[in-house]
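A.B. asks: If you scroll down you'll find the structure; I have some questions about it.
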Amino acid sequence: MGLEGSLDAFSLSDIFQLLILTSKTGGLHLYRPGGAGSVHFTAGSVTAASSDDRRQTLARRLVGAGAVAEDALEAAVAAAGARPATSLVRALHDSGAVDPEALPGLLSEHVVDAVFDLLRWPDGDFSFLVGETSPDQLDGGVAADAVLAEARRRVESWSQLGALVPTPESVVSLSVVPPTDPVLSRDEWRLLALVDGRRPVRELVGLSGRGEYGVYAAVAALVERGLVVVGAADEGGGALLRRQRLLAGLEGPAVPAPEPPAAEPDVDTAETAEPDPDPDPDPADRDEPDPADPDEPDVDTAAWGQPASPTPERSYPSPVEAAPEGGAAAAVATLSRPVTVQPTLDRNAVLRLIAGVQGF
Numbered sequence: 010m011g012l013e014g015s016l017d018a019f020s021l022s023d024i025f026q027l028l029i030l031t032s033k034t035g036g037l038h039l040y041r042p043g044g045a046g047s048v049h050f051t052a053g054s055v056t057a058a059s060s061d062d063r064r065q066t067l068a069r070r071l072v073g074a075g076a077v078a079e080d081a082l083e084a085a086v087a088a089a090g091a092r093p094a095t096s097l098v099r100a101l102h103d104s105g106a107v108d109p110e111a112l113p114g115l116l117s118e119h120v121v122d123a124v125f126d127l128l129r130w131p132d133g134d135f136s137f138l139v140g141e142t143s144p145d146q147l148d149g150g151v152a153a154d155a156v157l158a159e160a161r162r163r164v165e166s167w168s169q170l171g172a173l174v175p176t177p178e179s180v181v182s183l184s185v186v187p188p189t190d191p192v193l194s195r196d197e198w199r200l201l202a203l204v205d206g207r208r209p210v211r212e213l214v215g216l217s218g219r220g221e222y223g224v225y226a227a228v229a230a231l232v233e234r235g236l237v238v239v240g241a242a243d244e245g246g247g248a249l250l251r252r253q254r255l256l257a258g259l260e261g262p263a264v265p266a267p268e269p270p271a272a273e274p275d276v277d278t279a280e281t282a283e284p285d286p287d288p289d290p291d292p293a294d295r296d297e298p299d300p301a302d303p304d305e306p307d308v309d310t311a312a313w314g315q316p317a318s319p320t321p322e323r324s325y326p327s328p329v330e331a332a333p334e335g336g337a338a339a340a341v342a343t344l345s346r347p348v349t350v351q352p353t354l355d356r357n358a359v360l361r362l363i364a365g366v367q368g369f
């Protein structure tokens with residue numbers, strides 16, 4: 010037996026109640042210009058539903074809830090693409106990619122959201138095909154009367170949410186200074202992770218995979234707690250930036266950051282280093298006295314080979330001229346004491362000076 014008609018003559022609530030009373034199994038299809046939806050029943054339970062048959066609404070909810078790993082999703086998408094008759098949700102379920110404990114709660118929320126959307130259709134046509142099952146149909150279901158009761162309750166409270174979230178194009182921003190320490194549920198945290206001050210509510214619905222009511226209700230609750238703001242896109246962080254800029258007129262100019270020092274050029278020390286002096290110079294190069302020259306002083310050669318001081322040679326007064334009263338003898342006697350040569354003096358020059366005094 011088939012059932013069909015117009016939503017102008019029979020409301021969706023009336024059709025639901027009829028199918029609940031008769032415990033029918035089959036698929037209820039609804040059509041209107043620009044959209045199509047469906048609800049599948051099995052002996053008084055709703056086993057599948059969608060308010061937009063063109064989209065993978067249940068699969069989007071599973072992905073948005075983090076219930077499907079990416080590699081498993083890629084494999085299921087490839088399988089469904091290769092066989093159009095294969096349901097993506099069924100492929101995920103049969104491969105064990107969906108957490109079996111999370112699936113019943115996600116399915117229940119999904120069918121309620123879909124029926125809520127369909128109840129708000131102002132017009133359209135419907136048809137019921139007895140015995141039809143949905144490709145996305147999974148084991149279990151949700152009691153049809155409970156689904157209808159919750160969907161009706163949402164329709165009645167929808168106008169209250171509209172006072173806080175006016176349109177699907179309303180932009181949501183994080184509040185910079187919440188009034189209290191935030192305490193969030195997992196669903197609220199997942200939603201806040203998508204809020205960037207630019208996305209409208211419509212995009213939040215699509216990204217999260219949740220229905221309009223679920224996202225609107227969550228955003229409205231966050232607005233009431235002061236955690237998000239709805240309105241102009243520059244609210245939230247943008248408002249704080251504007252207020253900080255108001256202080257710029259009372260502040261001095263910014264101090265420029267110092268420039269980093271110029272890098273020292275790399276020098277090859279192997280090319281610039283001077284050669285080490287010969288530790289054992291050639292005796293022929295030494296300034297040795299000539300024994301055949303009677304005028305050459307007899308200088309102690311024990312001090313030869315000492316490196317000369319880098320200080321230039323200086324002229325020193327004669328020991329006789331500098332000697333106190335007592336004459337040259339006193340000066341010669343003074344020379345008999347050890348002579349300490351300062352490291353800044355030219356050792357060879359001092360030795361020649363001593364030799365000259367001794368021959369005086």
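Each residue of the sequence shown is one higher than the last, beginning at 10 in the numbering used here.
We put the beta carbon where it would ideally sit given N, CA and C, even for glycine.
Being a predicted model, the structure only gives us computed values, none of them experimental.
Do the stretch 153 to 167 and the stretch 82 to 96 touch if we need at least three Cβ pairs shorter than 8 Å?
C.D. replies: No, because fewer than three Cβ pairs between the stretch 153 to 167 and the stretch 82 to 96 fall closer than 8 Å, the two stretches do not touch.
A.B. asks: On a Cα-Cα basis, can you pick out the residue from VAL237, ARG162, PRO175 that is closest to TRP198?
C.D. replies: Position 189 of the sequence shown, counting from 1, holds the residue named residue 198. Closest option to TRP198, Cα to Cα, is VAL237.
A.B. asks: List the residues that DSSP assigns as beta-bridge partners of ASP134.
C.D. replies: Working through the sequence shown from its first residue, we reach residue 134 at position 125. Answer is SER15, TYR40, bridged to ASP134.
A.B. asks: Rounded to whole angstroms, what is the Cα-Cα separation between GLU79 and VAL107?
C.D. replies: Residue 79 sits at position 70 when you count from the first residue of the sequence shown. Residue 107 sits at position 98 when you count from the first residue of the sequence shown. The straight-line gap from Cα to Cα measures roughly 11 Å.
A.B. asks: Beta carbon of SER15, beta carbon of ASP134: below 8 Å?
C.D. replies: Taking the first residue of the sequence shown as 1, we reach residue 15 at position 6. Taking the first residue of the sequence shown as 1, we reach residue 134 at position 125. Contact: yes.
A.B. asks: Could you give the residue range of the beta strand (DSSP E) that holds VAL180?
C.D. replies: Numbered from 1 along the sequence shown, position 171 holds the residue referred to as residue 180. Looking at the DSSP string, the run of the beta strand (DSSP E) that includes VAL180 is 180 to 183.
A.B. asks: Mind checking which residues open and close the alpha helix (DSSP H) that includes VAL156?
C.D. replies: Position 147 of the sequence shown, counted from the start, is the residue given in the question as residue 156. From DSSP, the alpha helix (DSSP H) with VAL156 extends over 153 to 173.
A.B. asks: Helix, strand or coil for SER104, going by three-state DSSP, please let me know.
C.D. replies: Translated into positions along the sequence shown, residue 104 becomes position 95. In this structure, SER104 counts as coil in the three-state DSSP scheme.
A.B. asks: Label ARG64 either buried or exposed according to how many other C-beta atoms from any shown protein chain fall within 10 Å of its C-beta, with 16 as the threshold for buried.
C.D. replies: As a first step, residue 64 is located in the sequence shown; it is residue number 55 there, counting from the start. Exposed, because fewer than 16 other Cβ atoms sit within 10 Å of the Cβ of ARG64.
A.B. asks: Note down the Cα distance separating PHE137 from GLU165, rounded to an integer number of angstroms.
C.D. replies: In the sequence shown, residue 137 corresponds to position 128, counting from 1. In the sequence shown, residue 165 corresponds to position 156, counting from 1. Cα to Cα, PHE137 sits roughly 27 Å from GLU165.
A.B. asks: What is the residue span of the beta strand (DSSP E) that VAL55 lies within?
C.D. replies: Counted from its first residue, the sequence shown places residue 55 at position 46. From DSSP, the beta strand (DSSP E) with VAL55 extends over 54 to 59.
A.B. asks: Among ARG361, GLY73, GLY75, TYR40, which one has its Cα closest to the Cα of SER59?
C.D. replies: Stepping through the sequence shown from its first residue, residue 59 is reached at position 50. That would be TYR40, whose Cα lies nearest to the Cα of SER59.
A.B. asks: Do SER54 and GLY150 come within 8 Å of each other at the CB atom, strictly closer than that value?
C.D. replies: What you label residue 150 is simply residue 141 of the sequence shown in a count that begins at 1. What you label residue 54 is simply residue 45 of the sequence shown in a count that begins at 1. Cβ distance < 8 Å, so GLY150 and SER54 count as in contact.
A.B. asks: Can you tell me which residues form a DSSP beta bridge with HIS49?
C.D. replies: Walking along the sequence shown from the start, residue 49 turns up at place 40. Looking at the DSSP assignment, HIS49 forms a beta bridge with GLY36, ALA57.
A.B. asks: Compute the Euclidean distance between the alpha carbons of VAL48 and LEU183, then round it to the nearest angstrom.
C.D. replies: Working through the sequence shown from its first residue, we reach residue 48 at position 39. Working through the sequence shown from its first residue, we reach residue 183 at position 174. If you take the alpha carbons of VAL48 and LEU183, they lie about 37 Å apart.
A.B. asks: Helix or strand or just coil, what does DSSP make of VAL210?
C.D. replies: Walking along the sequence shown from the start, residue 210 turns up at place 201. DSSP places VAL210 in helix when its eight states are reduced to three.
A.B. asks: What whole-angstrom Cβ distance do VAL181 and ARG208 have, given they're in contact under 8 Å?
C.D. replies: Counted from its first residue, the sequence shown places residue 181 at position 172. Counted from its first residue, the sequence shown places residue 208 at position 199. Sure, about 7 Å apart at Cβ, within 8 Å.
A.B. asks: Mind checking ASP190: buried by the 16 CB within 10 Å criterion, or exposed?
C.D. replies: Here residue 190 is taken as the residue at index 181 of the sequence shown, counted from 1. Label assigned to ASP190: exposed.
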